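Enquirer:
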Amino acid sequence: MTIGEYLKEKRNEKGLSLRQLAYKIKLSHTSISDIEKGVIKKESSILKIISALNLTNPEKERALQLLVEELTPKDLQDDVLDLKKALIIQNNSNAGDIMVGSTKKIYTSIDEDLKGLSEDEIQLVRNYIAFLKSQKIIKK
0 MTIGEYLKEK RNEKGLSLRQ LAYKIKLSHT SISDIEKGVI KKESSILKII
50 SALNLTNPEK ERALQLLVEE LTPKDLQDDV LDLKKALIIQ NNSNAGDIMV
100 GSTKKIYTSI DEDLKGLSED EIQLVRNYIA FLKSQKIIKK
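Number 48 in numbering that gives the first Met the number 0 belongs to position 49 of the sequence shown; there are no gaps in the numbering.
#1: Between the beta-carbon of glutamate 69 and the beta-carbon of isoleucine 24, is there less than 8 Å?
#2: Would you call the stretch 10-30 and the stretch 44-53 in contact, with 3 or more CB pairs under 8 Å?
#3: Exposed or buried, which one is leucine 157 when buried takes at least 16 other CB atoms within 10 Å?
#4: Which first and last residues belong to the alpha helix (DSSP H) in which asparagine 11 is found?
#5: Leaving out five residues on either side along the sequence, give the residues of the same chain with a beta carbon under 8 Å from the beta carbon of valine 67.
#6: I need the straight-line Cα distance from serine 44 to serine 32, nearest angstrom please.
#7: Contact check, tyrosine 127 vs arginine 61 under 8 Å by CB: the rounded distance?
#8: Round the Cβ separation of leucine 26 and lysine 47 to the nearest angstrom and send it over; I've been treating them as touching at under 8 Å.
#9: I'd like the ranges of any alpha helix (DSSP H) spanning at least 4 consecutive residues and lying wholly in the stretch 7-68.
#10: Please classify methionine 80: does DSSP put it in a helix, a strand, or coil?
#11: Relative to the C-alpha of proline 72, which candidate in Arg10, Leu113 and Ala129 has its C-alpha closest?
#12: Leaving out the 5 sequence neighbours to the left and right, which residues in its chain are closer than 8 Å to leucine 113 when beta-carbon positions are compared?
#13: By a C-beta neighbour count over all protein chains shown, 10 Å radius and 16 as the cutoff for buried, is serine 35 buried or exposed?
#14: Check each candidate in Thr55, Glu58, Lys41 and Lys59 and name the one with the smallest Cα separation from leucine 131.
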């Protein structure tokens, strides 16, 4: 099963039409349809859909596993999946909002964010950053 097929299945289980979900996450219904068909694999849009569907934690874990399997190089999959679970499941407010600050704020506060993490957790963060760079999500 692909991430798109899984999201479509969950959307249908929730009784949401493409247009209802589109309205909820401010994406076009055609974009959601293309994601469900596997035509578009834009991670940020997929994460919005996962959040908007108010999935249970096991459902979110399955969705994240499918997402990582499709979009992540094999050697980084375990590390990326662990990070995504921590970001989406453990810090779940179901608000559906993601706050994005300036890159200056992100880089000046990263040391503060890393305080209290073990060396293994810090390495996971480094691996995820390397993955994002490889996907050209973070620009130099």
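Positions of the beta carbon are idealized from the N, C-alpha and C atoms, including for glycine. From a predicted model like this one, the values you see are computed outputs, not experimental measurements.
Expert: To lay it out plainly:
#1: No, these two residues do not count as a Cβ contact at 8 Å.
#2: These segments touch.
#3: Since the first and last residues shown for the chain are 0 and 139, residue 157 lies out of range.
#4: In this chain, the alpha helix (DSSP H) harbouring asparagine 11 covers 2-12.
#5: Excluding positions up to five away in sequence, the list reads Gln76, Val79, Leu80 and Lys83.
#6: When rounded, the distance between both Cα atoms is 12 Å.
#7: That belief does not hold up - the Cβ atoms of tyrosine 127 and arginine 61 are roughly 20 Å apart, past 8 Å.
#8: Contact holds; Cβ gap of about 7 Å.
#9: Those alpha helix (DSSP H) runs which fall completely within the stretch 7-68 and span 4+ residues are 17-24, 28-36 and 42-51.
#10: Methionine is not the amino acid found at residue 80; the sequence shown has leucine there. Helix, per DSSP.
#11: The residue with the shortest Cα to Cα distance from proline 72 is Ala129.
#12: Within the same chain, leucine 113 has close Cβ partners Ile121 and Val124.
#13: Per the sequence presented here, residue 35 reads as glutamate, with serine not at that position. Around the beta carbon of glutamate 35, a 10 Å sphere encloses 16 or more other beta carbons of the protein chains shown; the residue is thus reported as buried.
#14: Lys41 is the residue among Thr55, Glu58, Lys41 and Lys59 whose C-alpha sits nearest the C-alpha of leucine 131.
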